[in-house]
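Reviewing the structure listed below.
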Amino acid sequence: MNSEAAFESISIDAFTARLDHLVETTNDKKVKIISVNGSVAAGKTTFTEQLKAYFLEKHKSVQVIHTDSFLLSNKELAERNLMDKKGFPVTYQQAKIRSVLKQIAMGDVPIIVPQYSHAAYNIVEEYQFIEAADIYIIEGIGFKSKEYSNWIDLSLFLDAKIENIGKWYRRRFIKNISLAKPDSILKKYEKYPENRLKKVMDHNWNEVNLINYYENILPEKSQSDIILEKNEVHKIVNIYSRKR
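Take any residue in the sequence shown, note its place counting from 1, add 511, and you have its number in my numbering.
Here it is as structure tokens:
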């Protein structure tokens, strides 16, 4: 932390106390919505699953919603010449995200949303049924802006040194290639020699993800309620809470 004067360092016990407060104040008339924000490859999905497990141990029902489910399909992205902007706010169906958040907050469930597959690198013909729950965890970016803040009870931001995130991104890219389905656009990279694949990853990181990070993701950090700082092996080493 260097410029976030509005934040103070807290212990893991203080962090879990914040989570426990959410549990204690959840009831049939008031669900809780938590957002998990951060860069691509920052470990949001894994952290979200850990949060879910924590709340389940507290005997609370949990539903997880991934904002990738609201990405435009590759076909739509190609038609709009946005494939090189995939992951930027413009490539998400923002109105649908806001609508789902509003429905959840009002208890207007179940809701059906599409599903995104990293193996297919696309929206697939499968759906998620969002059912009634005590706690909803929204995993993605951009949820502390004015358009979303009315519905979010606690916003978390996963932070790390940018060089570490870059390494994690390249590692995940290679993993996704190995898991790619036959019709995935990632499949073609299986035959790329190492030096050519490195150029592709460097381009994607430097010309797409890094720009998106500085323009759209990093600004969310200072708007979050809690920042969780990770080291090079994804271990949380520092936690900062907005001063109240």
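We put the CB at the ideal spot given by N, CA and C, even for glycine.
Strand pairing of residue i, partner residues [DSSP]
| i | result |
| --- | --- |
| K768 | The chain is shown only over 512 to 755; residue 768 falls outside these bounds and no answer can be derived. |
| Y638 | P625 |
| Y603 | L582 |
| F518 | R753 |
Per-residue burial, residue i [other beta carbons within 10 Å of its own, 16 or more giving buried]
| i | result |
| --- | --- |
| A517 | exposed |
| I649 | buried |
| D670 | buried |
| S695 | buried |
| H714 | exposed |
| L567 | exposed |
| N592 | exposed |
| I623 | exposed |
| D524 | exposed |
| Y724 | buried |
| V744 | exposed |
Own chain, CB closer than 7 Å to residue i, minus 5 neighbours either side, in chain order
| i | result |
| --- | --- |
| D619 | none |
| S584 | N633, I634 |
| P625 | S580, I634, Y638 |
Sequence-distant residues of its chain with Cβ nearer than 8 Å to residue i (five each side left out)
| i | result |
| --- | --- |
| K569 | D531, V534 |
| K692 | S628, A630, A631, K698 |
| K746 | none |
Residues near residue i by beta carbon distance below 6 Å, same chain, minus five either side
| i | result |
| --- | --- |
| D736 | L665, S666, R753 |
| W662 | I544, L612, A616 |
| S572 | A644, D645 |
| T578 | G651 |
| K607 | F581 |
Could you tell me whether the region 637–648 touches the region 698–709, using the rule of 3 or more Cβ pairs below 8 Å? no
Which runs of the alpha helix (DSSP H), 4 residues or longer, sit entirely within the region 544–573? 555–568
Pair every Cβ in the region 662–682 with every Cβ in the region 538–555, then say whether three or more of these pairs are closer than 8 Å. yes
Would you say the region 675–687 touches the region 605–621, given that touching needs at least three Cβ pairs under 8 Å? no
Minimum length 4: unbroken alpha helix (DSSP H) runs contained in the region 658–695: 673–690
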